[in-house]
Every structure is written in structure tokens, then in C-alpha cells.
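Number of protein chains: 2
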Amino acid sequence: MSQTQMMKGILDGCLLAIIARKECYGYEMAESLSEYGFDTISEGTIYPLLMRMQREGLVSSVLRNSTAGPKRKYYSLTSKGQQELNEFQTRWFQLENCVNAVIKEGN
Amino acid sequence: MSQTQMMKGILDGCLLAIIARKECYGYEMAESLSEYGFDTISEGTIYPLLMRMQREGLVSSVLRNSTAGPKRKYYSLTSKGQQELNEFQTRWFQLENCVNAVIKEGN
DNA sequence: AACACATACCTTGCAATACAAGATAGTGAG
DNA sequence: CTCACTATCTTGTATTGCAAGGTATGTGTT
């Protein structure tokens with residue numbers, strides 16, 4: 001069992017939360033996740049996820065020039081994305097409660 | 001995004017925790033998870049998982065007669081399973097911290 | 001100019017795993 | 001006998017994180 005399995009269905013919610021705080025681009029999000037304590041999330045994970053979320057209408061993007069390097073694709077939340085973020089949080093808190101109930105209770 | 005994706009890599013740890021508390025069979029674990037607040041976990045999910053964990057030496061099993069129905073396969077933890085449970089808990093608490101940091105901080 | 005390096009994005013193919021759907025079987029109640 | 005409940009297992013599918021690799025831009029060094 002690896003860490004990576006536990007990220008499934010959680011990473012997208014975390015990205016939504018990061019984007020919700022401020023307009024952001026993929027490369028930056030990877031660094032951001034590291035700072036929050038996550039194991040390094042590969043870009044091959046993040047970019048397809050962002051594209052999927054855009055396809056689903058959860059985020060929108062704009063290209064902007066960078067001072068150092070190629071153009072950046074900045075993402076921001078749509079209202080649908082905001083709603084999805086809320087639902088993710090609800091699901092997460094519920095999962096958190098259930099898992100903690102199982103692994104902490106009794107003994 | 002569904003609940004089921006969030007269960008990946010978490011369900012096995014929860015099963016280990018349940019088995020750790022008392023010797024237990026699959027059908028019973030499904031009911032147990034419901035009581036802990038999880039959405040219904042299908043048996044097609046649980047049985048393959050238990051077989052995998054046995055193959056990996058995390059749990060062992062014995063068949064016992066039931067008073068009402070076919071034989072039950074009771075599982076218990078091996079020492080390797082106990083160790084895996086400890087590692088799962090560590091991973092879980094770390095994930096919990098990181099996710100909460102992302103979705104709660106600021107704003 | 002030529003080169004290394006960091007930044008920044010994307011694609012392909014793979015592995016892990018939860019689930020739906022269904023098969024099989026024993027027991028007891030009506 | 002039929003139905004419902006208990007109990008286990010199998011097959012096929014969808015999702016998704018990741019490794020590995022490719023493309024391209026800008027900066028600094030030699």
C-alpha cells in the first residue's frame with residue numbers, strides 16, 4: 001500500500017482549494033502542495049487533472065507571460081468549481097470522521 | 001468525483017483496524033463499516049481485498065461453522081499485519097494534516 | 001555562439017483498486 | 001417449495017496517480 005493510492009479522489013479537491021485561494025498555474029500548484037506537506041506530486045499528475053477539471057467546467061484558464069520562462073496558464077474557479085469544492089469538503093470531513101472512528105475507537 | 005475514489009488506499013487500513021479489534025469475517029466487516037458511517041461497501045470490494053491481504057501475509061483465516069447460513073471465514077491479524085496497520089495510521093494522520101492545511105488555512 | 005539550467009507545459013502507457021453485476025450455497029420461515 | 005437472509009467468490013469496468021519522456025522559453029556562463 002502506497003501513499004499514492006490515498007491521493008485518489010483527494011488531489012482534485014486540494015487543487016480546487018488552492019485555486020480558490022488565488023489564481024494559480026500548474027507548476028506553482030506542485031510547489032504549493034509540497035509546502036503543505038504532501039509528497040512531491042508529479043506534473044504528469046497535475047496537468048491532466050487540471051485539463052479534466054477544465055473540461056468539466058470546474059475551472060477556467062488564461063495564458064499570461066512570465067518574467068522568467070514560458071507562458072503560464074493561470075487557473076481560476078468557476079461557480080461550478082466552487083460548488084464542487086464545497087461538496088468535496090463535505091465528503092472529506094465525513095471520511096475523516098469515519099476513518100478516525102474506525103482506527104481510534106475502543107481497543 | 002465520487003466517494004469511491006476517496007476510499008482507495010484507505011479501505012484496506014480500515015479493515016486491518018477492524019480485524020485488530022476482534023477476529024472477524026467479511027460479511028460482518030461490511031456491516032461494521034456501515035455502522036462506522038461509511039457508505040455501503042460492496043462485498044465485491046471486500047472479499048478480493050481480504051484475499052490480497054492474506055496473500056501478502058497481513059491476515060490469516062480460519063473457517064468456522066455458522067448457526068445460520070454457510071461457513072464463515074474468520075480473519076485475524078498477523079504481526080506483519082499489525083505493523084502494516086501502524087504504518088497505515090501514520091500515513092493517514094499525515095494525509096489528514098496536509099489536506100486540512102490546504103482546505104482550512106487562510107481565507 | 002554554445003551550453004547548461006530552471007521554468008513551464010503536455011502526452012503515453014501502466015498499475016492499483018473500488019464497484020456493479022452476477023454466480024453459488026446453506027439455513028430457516030411461511 | 002419458495003422466499004429471504006446469510007455468506008463467499010468471480011469477472012469486467014472505470015477512475016486516477018505516476019513514471020518516463022517530449023517540447024519549448026528565458027537566463028546566465030563560458
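If you read the sequences in order, they're chains A and B.
Per my numbering, residue 1 is the first one in the first sequence, and the count goes up by one each step.
Per my numbering, residue 1 is the first one in the second sequence, and the count goes up by one each step.
Backbone N, C-alpha and C fix where the C-beta goes; we use that ideal spot for every residue, glycine too.
Please read these numbers as outputs of a predicted model, since none were measured by experiment.
Using C-beta distances below 8 Å, list every residue in its chain close to residue i, excluding the 5 sequence neighbours before and after it, in chain order.
{"i": "Y74 (chain A)", "result": "E23, C24, Y25, S61, V62, L63 and R64"}
{"i": "Y47 (chain A)", "result": "G26"}
{"i": "E43 (chain B)", "result": "G26, Y27 and A30"}
{"i": "M6 (chain B)", "result": "none"}
{"i": "E105 (chain B)", "result": "none"}
Taking the alpha carbon of residue i as the point to measure from, which residue in the options has its own alpha carbon closest?
{"i": "R91 (chain B)", "options": "A:F38, A:Q82, A:G9 and A:G57", "result": "A:F38"}
{"i": "G69 (chain A)", "options": "A:G81, A:E28 and A:G57", "result": "A:E28"}
{"i": "G9 (chain B)", "options": "A:D12, A:C14, A:G13 and A:Q3", "result": "A:Q3"}
{"i": "L49 (chain A)", "options": "A:A30, A:E87 and A:S66", "result": "A:A30"}
{"i": "Q54 (chain A)", "options": "A:T40, A:T78 and A:E43", "result": "A:T78"}
{"i": "T45 (chain B)", "options": "B:A101, B:D12 and B:S66", "result": "B:D12"}
Compute the distance between the beta-carbons of residue i and residue j, then report whether it is under 8 Å.
{"i": "A17 (chain B)", "j": "L95 (chain B)", "result": "no"}
{"i": "V99 (chain A)", "j": "C14 (chain B)", "result": "yes"}
Spatial neighbours of residue i within its chain, please: CB distance less than 7 Å, with the 5 preceding and 5 following residues excluded, ordered by chain position.
{"i": "S76 (chain B)", "result": "I19, E23, V59 and S60"}
{"i": "N107 (chain A)", "result": "Confidence at N107 (chain A) is low in this model, with a pLDDT of 48, below 50, so the placement of that residue is unreliable and no value is reported for it."}
{"i": "Y36 (chain A)", "result": "none"}
Hey, residue i and residue j are a contact pair by Cβ (cut 8 Å); roughly how many whole angstroms apart?
{"i": "I103 (chain A)", "j": "Q89 (chain B)", "result": "6 Å"}
{"i": "G57 (chain B)", "j": "K80 (chain B)", "result": "5 Å"}
Apart from the five residues just before and just after residue i, which ones in its own chain have a Cβ nearer than 6 Å to its Cβ?
{"i": "L33 (chain A)", "result": "I41"}
{"i": "T67 (chain A)", "result": "none"}
{"i": "R52 (chain B)", "result": "none"}
{"i": "A101 (chain A)", "result": "none"}
{"i": "F93 (chain B)", "result": "none"}
- Item | Residues in the stretch 32 to 52 of chain A having any Cβ partner in chain B nearer than 8 Å | L33, Y36, G37 and F38
- Message: Along the stretch 76 to 92 of chain B, where does the CB come closer than 9 Å to a CB of chain A? Name the residues.
- Response: E84, L85, E87, F88, Q89, R91 and W92
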